[in-house]
Each structure stands twice: as structure tokens, then as C-alpha cells.
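Beneath this line is the structure, given in C-alpha cells, with notes to follow.
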Amino acid sequence: MLWACVLLPQLALDGVMRRRSDPDEPLALISGSAHRRVLQT
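Written out as C-alpha cells, the structure reads:
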């Protein structure tokens, strides 16, 4: 089951990125230090 935990999220993100019109555009803007990330709206 380890392969499912590692590969399935990567495959899901790959599918989302392939459907986007501009693949270089970020999915989310995140700021903050490595220990405390904040999602920008």
C-alpha cells in the first residue's frame, strides 16, 4: 500500500496540471516560512 500513498497523489496532480490552459501558472500561491505556510487568496 505504500505505492498508493506515494503515487496516487502525484498522479492526481499530474492530471490536474494537464487539464490547465497554462501549465506554468501556479495552482496556489503560498507564502510564509517553511514551518508555517499560508494560502494566499
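When the letters of the sequence shown are read in order and numbered with the UniProt record's numbering, they come out as residues 1 to 41.
Built from N, CA and C at the ideal position, the CB exists for glycine as well.
All of these numbers come straight from a predicted model, not from anything done at the bench.
Reduced DSSP category for residue i - H, G, I as helix; E, B as strand; rest coil
| i | result |
| --- | --- |
| Leu7 | helix |
| Leu27 | coil |
Per DSSP, the bridge partner or partners of residue i
| i | result |
| --- | --- |
| Val16 | Answer is none; Val16 lacks a bridge partner. |
| Leu39 | Ile30 |
Residue i versus the options, residue with shortest Cα-Cα distance
| i | options | result |
| --- | --- | --- |
| Ile30 | Gln40, Ser21 and Pro23 | Gln40 |
| Met27 | Trp3, Val38, Leu11 and Met17 | Note that residue 27 is Leu in the sequence shown here, rather than Met. Checked all of Trp3, Val38, Leu11 and Met17; the closest Cα to Leu27 is Met17. |
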